[in-house]
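Report on the following structure.
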Amino acid sequence: MARLAEAHGLFGVMTGAGDPRTAITAAVYASTATDFTRVIVRVLLGQEQPVTIAEELAVLDNVNNGRTVILADTGESAQRYMASGAHGVVYRNVTSPSLVDCVRKVARGESPRWKVPAGLPANVTAPKAIAVTPKPAQLEIPFWLTGGAAGEVAKPSHLAVLARDAKAASVERSVQPAIAAITGTLEEDRETVIAWAAAGATHLLLELPEGAQHEAALAMISRYLAPEVAMPNFPRVMSTSKVPLAWPGDGRG
Amino acid sequence: MRFGVGLFSLQCTAMQPRHWTGAYRDMRELASLMEELGYDELWLSEHHFFYDGYCPALLPAAASVLSVTDRLRVGTGMLLLPMYDPARLAAVATDLAERSGGRLDLGVGMGYRDVEFDGHGVSRKQRLPRMISGLEVLEQAEAAGGPPIWMGAQLVDPVKRAGRRGHPILFSAALPFERCRTLTQVWEEGWAESRRSLAEKPALGALRNIWLTEDRKEREAARDWVRASYVQYAGLGWTLPAVGDHQQQDYAEETDKAIADTVETTITGSADECIRQLQQFDEIGIKHIAFRLILDGEPRRALESQLRRLSDLVLPRLRDKVPA
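Sequence order for the protein chains is A and B. Okay, so the first sequence: first residue is 5 according to this note's numbering, each after it adds one. Okay, so the second sequence: first residue is 3 according to this note's numbering, each after it adds one.
This is how it looks when you write it as structure tokens:
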């Protein structure tokens, strides 16, 4: 999928739904698409050890030459998330930062140093503070939020929230990610992406229709939808004209 | 015998500075070269919170290698099990094993650095019960098609425990041959107690410091890269405890002696000499040899040259002599 997305010039692919296997999928994507396609890693907050997640993301960003985007998911229920202990509370008695703080600090290349409880009476030389390493490859890994409590978590931190409703998009943000479903019907999907561009979305993730054939769906996106919103008043003849002939035998056309 | 290379730890050290993205890219490129040259296994290594970015997350690193190779197996040597949620680890490792056509070997160890336990919110005092309960989860996953489990251990009790549970050991390169022989016998005793069928018996493995050359200057350089790579163990605070007649090697407190002793384990010389020493491992039941060739200060061209030389002159003469 990542290789296909890269071949079609698309900005990124998103992994799973907060599944713990997401870092593996992301690493596979990262190694198969090597030029520019971003890997948007969806991390479910509150269910995974924050330090482990931060370490996986730091490694991943180096595996993929700095093309990671973190999509932190608070889950469907804002109430459950706020009560889960993932927000600003210690995890398993570690004096570590919350997942958002920990991952975000790693994302910024700022080592989230924290004091450790230690209990090392015989080992006075052991450090009493630690930092996650390695640093990510990017100066700062983009950190987006989604889920029921995303708005609440985003307020004090000014993080971008993945918009699911055009009214929720903000033209004031430097980056406004959004996600929308497409149907596979060109006219409808054109209207969808145009509406999102008008609402201020800068990076639009498209959910493919159930059972969609990936090659055909991505070809439609790269040929018709992405150009449609790449400039105001896109001259459609550019995408509706006949596809140039293929070199004999290369299978394109 | 089967041959691998390690330990890929993706460090950017004070002695060999580089960017981490380069380390990960080099690993993928070297993995492709290893596959082309006929190597069987690549082994990764894990530590946490170390200044040089020592790889703290082995499965994403393994996934990146597995996704650019077709035949090479990738092993974690070792993933520090007590610091993980075993159910999550089992799910992720099984997924990766399935996606790679069963090419993942899940090596697990207990860990020894206090700060690594602290940083993951785990009491070091709990490492043994967490290791055992974690193994039970991984064993269930293995029985259901998950990756084969390997273990890292240097002491009598854990080695015997691995034998009883039926898991192969990958011995450290720092262990002299005689200590490997002693511990292999211990593992065999554990295996015998398990009363498992002979058909299930796995072959053991060992990392080995090795440099095939008859050139004096090259040999000196290689031994010095081995020395430099073990200085890191002083920084990590590793100790190889005494076992029977085998003395303790304390890298933190007796750094120079421990390192000098370890450098002496390096197999160097002609192809015939390297083969003679490797055959000793074959004879005691160690059929997987991972050449410990990722060394601090070693230029990549030297590494590639050594990979080719071993592939040309050693692998064909020992491979499958005894099926692994």
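Every residue, glycine too, gets a C-beta built ideally from N, C-alpha and C. This one's a predicted model, so the numbers in the text were calculated from it and none came from an experiment.
### Task
Leaving aside the five residues before and after B:F98 along the sequence, list all residues of the same chain whose C-beta is less than 8 Å from its C-beta, in chain order.
For the sequence presented, residue 98 of chain B should be read as Leu rather than Phe. So the list reads L61, A64, A65, L68, L106, P149, once near-sequence residues are dropped.
### Task
Output the distance between the C-alpha atoms of A:L124 and B:K127, rounded to the nearest integer angstrom.
In this predicted model, A:L124 has a pLDDT of only 48, less than 50, meaning its place in the structure is not dependable; the value taken from the coordinates is given anyway. Their backbone Cα atoms lie some 11 Å apart in a straight line.
### Query
Rounded to whole angstroms, how far is the Cβ of B:S199 from the Cβ of B:R166, which I believe are closer than 8 Å?
In fact, because the Cβ distance is near 15 Å, the residues do not count as touching under 8 Å.
### Message
By the 8 Å beta-carbon criterion, what residues does the region 136-165 of chain A contribute toward chain B?
### Response
Cβ contacts with chain B: V136, T137, P138, K139, A141.
### Task
Tell me whether A:K159 is buried or exposed, calling it buried when 16 or more other Cβ atoms sit within 10 Å of its Cβ.
exposed
### Query
Can you pull the DSSP bridge partners for A:H218?
Answer by DSSP bridge pairing: none, since A:H218 is not bridged.
### Message
Using only the alpha-carbon positions, how far apart do B:M80 and B:L209 sit?
### Response
Distance between the alpha carbons of B:M80 and B:L209 is about 12 Å.
### Task
Take every Cβ of the region 179-187 of chain A, pair it with every Cβ of the region 162-171 of chain A, and state whether three or more of those distances are shorter than 8 Å.
yes
### Query
Which residues mark the beginning and the end of the alpha helix (DSSP H) in which B:E216 is found?
Boundaries cannot be given for B:E216, as no alpha helix (DSSP H) includes it and DSSP labels it neither H nor E.
### Query
Got a sec: is the Cβ-Cβ distance from B:H122 to anything in chain A below 7 Å?
yes
### Whole-angstrom distance between A:G155 and B:I296, CA atom to CA atom
Roughly 47 Å separates the two Cα atoms.
### Message
Nearest by alpha-carbon distance to A:L4: which of A:K109, A:E60, A:A62, A:P146 is it?
### Response
No answer is possible for residue 4 of chain A: it lies beyond the span of chain A, which begins at 5 and ends at 257.
### Query
Unbroken beta strand (DSSP E) runs of length 3 or more, entirely within the region 163-208 of chain A: which are they?
181-185
### Message
Between A:N237 and chain B, is any beta-carbon pair separated by less than 7 Å?
### Response
no
### Cβ-Cβ separation, B:T71 to B:A95 (assumed contact under 8 Å), whole Å
Going by Cβ atoms, the distance from B:A95 to B:T71 rounds to 17 Å, so no, they are not a contact pair.
### Query
Who are the neighbours of A:I28 on chain B, taking C-beta pairs under 8 Å?
L61, P62, A65, V94, D97, L98, R101
### Task
Return the residues of the region 9-34 of chain B that lie within a Cβ-Cβ distance of less than 8 Å from chain A, sorted by chain order.
Answer set for the region 9-34 of chain B: L12, C14, H21, W22, T23, A25, Y26, R27, R30.
### Task
Compute the Euclidean distance between the alpha carbons of A:V45 and A:I186, then round it to the nearest angstrom.
21 Å
### Message
For a contact defined as C-beta to C-beta under 8 Å, what are the partners of A:V17 on chain B?
### Response
Ordered by position in chain B, no residue passes the 8 Å Cβ test against A:V17, which lies about 14 Å from the chain.
### Task
Give a yes or no on whether the minimum CB-CB distance between A:V197 and chain B is below 7 Å.
no
### Secondary structure of B:A328, DSSP reduced to three states
With chain B covering only 3 through 326, there is no way to say anything about residue 328 of chain B.
### Query
What in chain B is Cβ-close to A:I134, meaning under 9 Å?
H50, F51, V117, E118, D120, G121, listed in chain order.
### Task
Mind listing the chain A neighbours of B:D159? Cutoff is C-beta to C-beta under 8 Å, in chain order.
Close partners of B:D159 in chain A (Cβ separation under 8 Å) are lacking, with about 21 Å as the shortest Cβ gap.
### Query
Considering only the beta carbon of each residue, do B:W152 and B:G109 sit closer than 7 Å?
yes
### Task
Specify the secondary structure class of B:V76 as computed by DSSP and reduced to three states.
strand
### Message
I'd like the span of the beta strand (DSSP E) that includes B:F10, first residue to last.
### Response
Per DSSP, B:F10 belongs to the beta strand (DSSP E) from 4-10.
#### Entry: chain A residues whose Cβ lies nearer than 7 Å to that of B:P84
Neighbours of B:P84 on chain A: none; closest Cβ ~12 Å, over 7 Å.
### Query
For A:P239, which residues from the same chain have a beta carbon less than 7 Å from its beta carbon, with the 5 sequence-adjacent residues on both sides left out?
none
### Task
Answer yes or no: does any C-beta atom of chain A fall closer than 7 Å to that of B:G55?
yes
### Query
Does DSSP put B:I296 in a helix, in a strand, or in coil?
coil
### Message
Please report the distance separating the alpha-carbon of B:P243 from that of B:D252.
### Response
7 Å
### Task
Name, going along the chain, the residues of the region 148-178 of chain B whose beta-carbon falls closer than 9 Å to a beta-carbon of chain A.
Of all residues in the region 148-178 of chain B, none has a Cβ within less than 9 Å of some Cβ in chain A.
### Message
I want to verify the contact list: residues of chain B whose CB lies under 7 Å from the CB of A:L64, in sequence order.
### Response
P62
#### Entry: Euclidean distance between Cα positions of A:V43 and B:T268
If I take the Cα positions, the gap works out to 42 Å.
### Cβ contact check for the region 126-142 of chain B and the region 173-189 of chain B: 3 or more pairs under 8 Å
no
### Message
At the level of alpha carbons, what is the spacing between B:A164 and B:P170?
### Response
7 Å
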